[in-house]
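Asks: Sharing a structure with you now.
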Amino acid sequence: MNKIAVIIFTLVCIQLSKAQDSKTKVLFAIVDGISADVIEKVPTPNLDAIAAKGGYTRAYVGGLRDGYSQTPTISAVGYNSLLTGTWVNKHHVYGNSIKAPNYNYWTIFRFAKENRPNIKTAIFSTWLDNRTKLVGEGLEATGNIKLDYHFDGFELDTVAFPHTKDRLFIHRIDEHVTDEAARYVKANGPDLSWVYLEFTDDMGHMYGDSEQFRDAIKTMDDQIGRIWEAIKIREKDFGENWQLWITTDHGRSPKDGKGHGGQSDRERNTWIVTNANDLNARFTKETPAIVDLMPSMLRALDIHPKKDRLWEIDGVPLTGNISVSDVRAIPKGDKMELTWKDYGTNEKLEIWMATTNLFVKGEKDKYIRMGNVNSRADKANVDVSQLPSKFYKIVLMGKYNAANTWAIIK
1 MNKIAVIIFT
11 LVCIQLSKAQ
21 DSKTKVLFAI
31 VDGISADVIE
41 KVPTPNLDAI
51 AAKGGYTRAY
61 VGGLRDGYSQ
71 TPTISAVGYN
81 SLLTGTWVNK
91 HHVYGNSIKA
101 PNYNYWTIFR
111 FAKENRPNIK
121 TAIFSTWLDN
131 RTKLVGEGLE
141 ATGNIKLDYH
151 FDGFELDTVA
161 FPHTKDRLFI
171 HRIDEHVTDE
181 AARYVKANGP
191 DLSWVYLEFT
201 DDMGHMYGDS
211 EQFRDAIKTM
221 DDQIGRIWEA
231 IKIREKDFGE
241 NWQLWITTDH
251 GRSPKDGKGH
261 GGQSDRERNT
271 WIVTNANDLN
281 ARFTKETPAI
291 VDLMPSMLRA
301 LDIHPKKDRL
311 WEIDGVPLTG
321 NISVSDVRAI
331 PKGDKMELTW
341 KDYGTNEKLE
351 IWMATTNLFV
361 KGEKDKYIRM
371 GNVNSRADKA
381 NVDVSQLPSK
391 FYKIVLMGKY
401 NAANTWAIIK
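Note that UniProt numbering has the sequence shown beginning at 1, numbered continuously upward.
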């Protein structure tokens, strides 16, 4: 090989290396059971510093209240809504027992591994089931997905972390998980990571709206701060670009804050903190949903789901351009009245409908294109006389994203 060829080869390798290094790395953290009204009153300097780089917003969990996607405001249910970008009517995790997840709705980790096989993934969790049941590591139904690194399961180690009624052992596990997350991020810089911390919810259950609960939130803020410092070191020393998302899985009961699971405003009202700097109107002017986080992270990771999977995702990205969100359908005889939110793109939206839900079984639905409509119309009446059914899956496809809804005629 002559010298010129060697030089060219070296330059190409350097450019490829830079291209790989320039990919955004994503870390998302779920801190359990903190309603928006509480997080806004407790001093959280580290969350504030992260939000100063990007933003803070109120958000919601629980799906469409009194509608087909109404979702329990329960921990594992919320985690899976985030992981899959879908509500409970699709992902089928109805409680913390996680009896029968529908793995046909892929998690962010499955999308990552299927689309970028060399991507490096990690989980740091105070609850083992997050990896083994929700992500479904090593299961045939999840394509035998394997995370590159995991640090979890310490709630099962009663020698190192003896269980006590005051639940302080969970605080010690959170500390253990946080320290390792910060260490591993600083040393290895995984491309996609999940951190889960539990202690705040434990204090909420035990003491409700109390000083103990507020102190647990302050501790959580310190823990997130240590991970944030590790990320800043990666950005400074390695020139990496990191996107950090922090949220909670549910709020708290209105009476005293000791419970959750229902559909009260306080149980549904959550929040999101991020350092992302390309936040759109969905984040800055509206109230986004927990299901919006997964498509936001896919966009950061430059992963573009195939149409059949894209059309099942209930969330829309919170960064960059979007075309449409919040599609609603009201059957009116031979017409289907559709409404949506538009984002000033002044574009043609494609209207697609299916009268089956085969996707839930891992099969494909046959969609029929029902026409086009200008995005700025915000409303359309679609003739469905030639497509009679008691059930419809409806998708509006725009230039930048898709948004879907169901219509069920009783």
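In this text, a Cβ means the ideal position worked out from N, Cα and C, and glycines have one as well. Computed from a prediction, not measured in an experiment: that's the story for all the values here.
Use the C-beta contact count for Phe-238: other C-beta atoms within 10 angstroms, 16 or more gives buried, fewer gives exposed.
Replies: Exposed, because fewer than 16 other Cβ atoms sit within 10 Å of the Cβ of Phe-238.
Asks: Mind checking whether Gly-78 and His-250 have CB atoms under 8 Å apart?
Replies: Cβ atoms of Gly-78 and His-250: closer than 8 Å.
Asks: Is the beta carbon of Pro-190 closer than 8 Å to that of Asp-148?
Replies: Closer than 8 Å, so yes.
Asks: Since Val-26 sits in a beta bridge, which residues does DSSP pair it with?
Replies: DSSP output for Val-26 lists Leu-192, Gln-243 as bridge partner(s).
Asks: Give the range of the alpha helix (DSSP H) segment to which Pro-45 is assigned.
Replies: 45-53
Asks: Take the Cβ of Ile-409 as the centre, count every other Cβ of all protein chains shown within 10 Å, and call the residue buried at 16 or more, exposed below.
Replies: exposed
Asks: Following the continuous alpha helix (DSSP H) through Ser-296, name the residue where it begins and the one where it ends.
Replies: 293-300
Asks: According to the Cβ coordinates, are Gly-315 and Met-294 closer than 8 Å?
Replies: Yes. Within cutoff.
Asks: Under 8 Å, do Thr-345 and Ser-323 count as touching if we go by C-beta distance?
Replies: yes
Asks: Using beta-carbon positions only, say whether Val-177 and Arg-234 come within less than 8 Å of one another.
Replies: Not a contact, by the Cβ cut-off of 8 Å.
Asks: For Trp-194 and Ile-368, what's the separation of their Cα atoms in angstroms?
Replies: 38 Å
Asks: Between the C-alpha atoms of Asp-265 and Trp-106, what's the straight-line distance to the nearest angstrom?
Replies: 29 Å
Asks: Tell me whether the beta-carbon of Arg-299 lies closer than 8 Å to the beta-carbon of Asp-342.
Replies: When the beta-carbon positions are compared, Arg-299 and Asp-342 stay at least 8 Å from each other.
Asks: So, with DSSP's three-state summary, where would you put His-150?
Replies: strand
Asks: Using only alpha-carbon positions, find the residue among Glu-363, Lys-41, Trp-228 that is nearest to Ala-29.
Replies: Among Glu-363, Lys-41, Trp-228, the Cα nearest to that of Ala-29 belongs to Trp-228.
Asks: So, with DSSP's three-state summary, where would you put Ile-313?
Replies: coil
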